[in-house]
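Residue numbering for the sequence shown follows the numbering used here, starting at 21 and increasing by one per position.
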Amino acid sequence: MTNQDLLKIAQDYGSPVYVYDAEKITSQYKRLDSAFKKVKQVKFNYAVKALSNISVLKLMNSLGAGLDTVSIQEVKLGLEAGYKPADIIYTPNGVSLNEIEEVATMGVQINIDNLSILEQFGTKHPKIPVCIRINPHVMAGGNTNISVGHIDSKFGISIHQMPLLLRTIENTEMHINGIHMHTGSDILDIDVFLYASEILFDAAKNFHDLEFIDFGSGFKVPYKEGDIETNIEELGKKLSKRFNEFCVEYGRELTLAFEPGKFLVSQAGKFLVKVNVIKQTTSTVFAQVDSGFNHLIRPMLYGVTHYIENISNLEGRERFYSVVGYICETDTFASNRRITEITEGDILAFHNAGAYCYTMASNYNSRYRPAEVLWYKGKAHLIRQRETFDDLLKNQIVLELN
Ligand SMILES: *Cc1c(COP(=O)(O)O)cnc(C)c1O
21 MTNQDLLKIA QDYGSPVYVY DAEKITSQYK RLDSAFKKVK QVKFNYAVKA
71 LSNISVLKLM NSLGAGLDTV SIQEVKLGLE AGYKPADIIY TPNGVSLNEI
121 EEVATMGVQI NIDNLSILEQ FGTKHPKIPV CIRINPHVMA GGNTNISVGH
171 IDSKFGISIH QMPLLLRTIE NTEMHINGIH MHTGSDILDI DVFLYASEIL
221 FDAAKNFHDL EFIDFGSGFK VPYKEGDIET NIEELGKKLS KRFNEFCVEY
271 GRELTLAFEP GKFLVSQAGK FLVKVNVIKQ TTSTVFAQVD SGFNHLIRPM
321 LYGVTHYIEN ISNLEGRERF YSVVGYICET DTFASNRRIT EITEGDILAF
371 HNAGAYCYTM ASNYNSRYRP AEVLWYKGKA HLIRQRETFD DLLKNQIVLE
421 LN
């Protein structure tokens, strides 16, 4: 996908528009796959919440991925995309017993992360195999917004509650077929991750009918120059070796599972916006674009830096800009950022726009959610049209005032 291709997409489909490169998704998947090729049974369950377009889910299916879902709606999207229920794992947090039961009847693998629901589910359905989400209390990253392994986290059953967990399973006579952890979003230090894995291996020894161990996700990808990324190859080498040893200890071939979201789709995505206004104040030059946190909220919500490129003027002289949106709210995408000279009408490309971008978009300011395009086999394919005014009205019931 060249720069010209991107400009053409912005022209053909209008802005703002999300563009995903199927080749990049594929190469990331293959990278992961080859890092763990020494393990006999491996399963990568793509985390739907990162990017849930059905065409992207279909692409993942064609690569051999399963799905990791957090809501019954994501499960239904997966089924719609052609996944077999057995290739879907459902890892909700704080949802009702009813929803979990409904998903279980579809034949999807259930993953339970609290003792209350575990007891209720196990009492009613002791025969349905369940995976357990453990919190090993290992901080995988520095950013407390995205670290879910710490002591105050709402995710998972604490490793320190193992005795009560085992008693609950014994009392209900339920069948546990997997254990799981998802410690956070940033594996920066592989040894920290391996340490958390040891806790999971230790926990696994308490269960005698396991089929898989799921290590969640946390693969870090670079967002800007100088960012470190998870060394997948090294992680693959070390964890595979340890996993194979563990299978011998355990006395059975287990499946090693992961649930990558960001790693598979983040870098494949570009978000294209158009510059409406260049506005100079006493201190700042603003480039105001036809978007805002209604379309891409990560910079405002998490303070994430998305690299921004002026694809209409790649060779221009660099100047400093604050890139902001057009909604009535502070919606700063970038402050005092070095970007090649911007003229009104230019198209800016936000990098790393594949994960948690479109899926977090809203209609704030009654703006339409953008279109989505998949670059697949050398061609652009529209995979979601831009919303229309009818979408804004669709569920509204107009009250007749008298
Ligand atoms: C969000 C989530 C993932 C994916 O995380 P990434 O950082 O995008 O790879 C995996 N597993 C669970 C349970 C999740 O909630």
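Each residue gets a CB set at the ideal place from its N, CA and C atoms; glycine is no exception.
Any non-hydrogen atom of ligand 1 within 7 Å of residue i CB
{"i": "residue 44", "result": "no"}
{"i": "residue 288", "result": "no"}
{"i": "residue 261", "result": "no"}
{"i": "residue 67", "result": "yes"}
{"i": "residue 283", "result": "yes"}
{"i": "residue 242", "result": "no"}
{"i": "residue 279", "result": "yes"}
{"i": "residue 195", "result": "no"}
{"i": "residue 239", "result": "yes"}
{"i": "residue 111", "result": "yes"}
{"i": "residue 202", "result": "yes"}
{"i": "residue 88", "result": "yes"}
{"i": "residue 400", "result": "no"}
{"i": "residue 55", "result": "no"}
{"i": "residue 98", "result": "no"}
{"i": "residue 236", "result": "yes"}
{"i": "residue 70", "result": "yes"}
{"i": "residue 216", "result": "no"}
{"i": "residue 373", "result": "no"}
Chain-order list of residues whose beta-carbon lies under 6 Å from that of residue i (same chain, five-residue window excluded)
{"i": "residue 139", "result": "188"}
{"i": "residue 421", "result": "none"}
{"i": "residue 396", "result": "42"}
{"i": "residue 119", "result": "92"}
{"i": "residue 165", "result": "Any reading at residue 165 must be qualified, since the residue scores a pLDDT of 42, below 50, and its modelled position is unreliable; the value itself is stated next. Same-chain partners within the cutoff: 322."}
{"i": "residue 292", "result": "30, 35, 37, 367, 369"}
{"i": "residue 163", "result": "Confidence at residue 163 is low in this model, with a pLDDT of 45, below 50, so its placement is unreliable and no value can be given for it."}
{"i": "residue 63", "result": "86, 275, 277"}
{"i": "residue 382", "result": "314"}
{"i": "residue 389", "result": "381, 407"}
{"i": "residue 55", "result": "252, 253, 256"}
Assigned secondary structure, residue i (DSSP; H/G/I helix, E/B strand, else coil)
{"i": "residue 27", "result": "helix"}
{"i": "residue 168", "result": "Annotation note: pLDDT 49 at residue 168 (below 50); position unreliable, coordinate value reported separately. Three-state DSSP puts residue 168 in coil, outside helix and strand."}
{"i": "residue 101", "result": "coil"}
{"i": "residue 221", "result": "helix"}
{"i": "residue 331", "result": "coil"}
{"i": "residue 54", "result": "helix"}
{"i": "residue 140", "result": "helix"}
{"i": "residue 418", "result": "coil"}
{"i": "residue 158", "result": "coil"}
{"i": "residue 355", "result": "strand"}
{"i": "residue 95", "result": "helix"}
{"i": "residue 227", "result": "coil"}
{"i": "residue 47", "result": "helix"}
{"i": "residue 175", "result": "coil"}
{"i": "residue 212", "result": "helix"}
{"i": "residue 234", "result": "strand"}
Range covered by the alpha helix (DSSP H) that runs through residue i
{"i": "residue 187", "result": "182 to 192"}
{"i": "residue 89", "result": "First-last for residue 89: 86 to 89, but that is the beta strand (DSSP E), not the alpha helix (DSSP H)."}
{"i": "residue 318", "result": "318 to 322"}
{"i": "residue 120", "result": "117 to 125"}
Residues near residue i in its chain [Cβ-Cβ closer than 8 Å; skip 5 each side]
{"i": "residue 27", "result": "331, 332, 367"}
{"i": "residue 356", "result": "304, 340, 341, 342"}
{"i": "residue 248", "result": "208, 240, 242"}
{"i": "residue 236", "result": "200, 201, 202, 203, 278, 279"}
{"i": "residue 125", "result": "none"}
Boundaries (first-last residue) of the beta strand (DSSP E) holding residue i
{"i": "residue 66", "result": "62 to 67"}
{"i": "residue 129", "result": "129 to 132"}
{"i": "residue 338", "result": "338 to 344"}
{"i": "residue 37", "result": "37 to 41"}
{"i": "residue 76", "result": "Run containing residue 76: none in the beta strand (DSSP E); it sits in the alpha helix (DSSP H), 74 to 83."}
{"i": "residue 441", "result": "Residue 441 falls outside the range modelled here, since the chain spans only 21 to 422, and no answer is possible."}
{"i": "residue 198", "result": "196 to 200"}
{"i": "residue 305", "result": "305 to 309"}
{"i": "residue 108", "result": "108 to 110"}
Other residues of its chain near residue i: CB distance less than 7 Å, five sequence neighbours each side excluded
{"i": "residue 177", "result": "133, 134, 135, 152, 153, 154, 155, 185"}
{"i": "residue 403", "result": "73, 75, 392, 393, 394"}
{"i": "residue 323", "result": "none"}
{"i": "residue 45", "result": "79, 284, 285, 288"}
{"i": "residue 267", "result": "273, 274"}
{"i": "residue 127", "result": "105, 106"}
{"i": "residue 21", "result": "41, 395"}
{"i": "residue 173", "result": "155"}
Exercise. Would you list, in sequence order, the uninterrupted alpha helix (DSSP H) runs of no fewer than 4 residues that lie entirely inside the segment 242 to 303?
Key: 252 to 270, 282 to 285
Quiz prompt | Inside the segment 361 to 411 only - beta strand (DSSP E) runs reaching at least 3 residues | solution = Counting whole runs of 3 or more residues, the segment 361 to 411 contains the beta strand (DSSP E) stretches 367 to 370, 391 to 396, 399 to 404.
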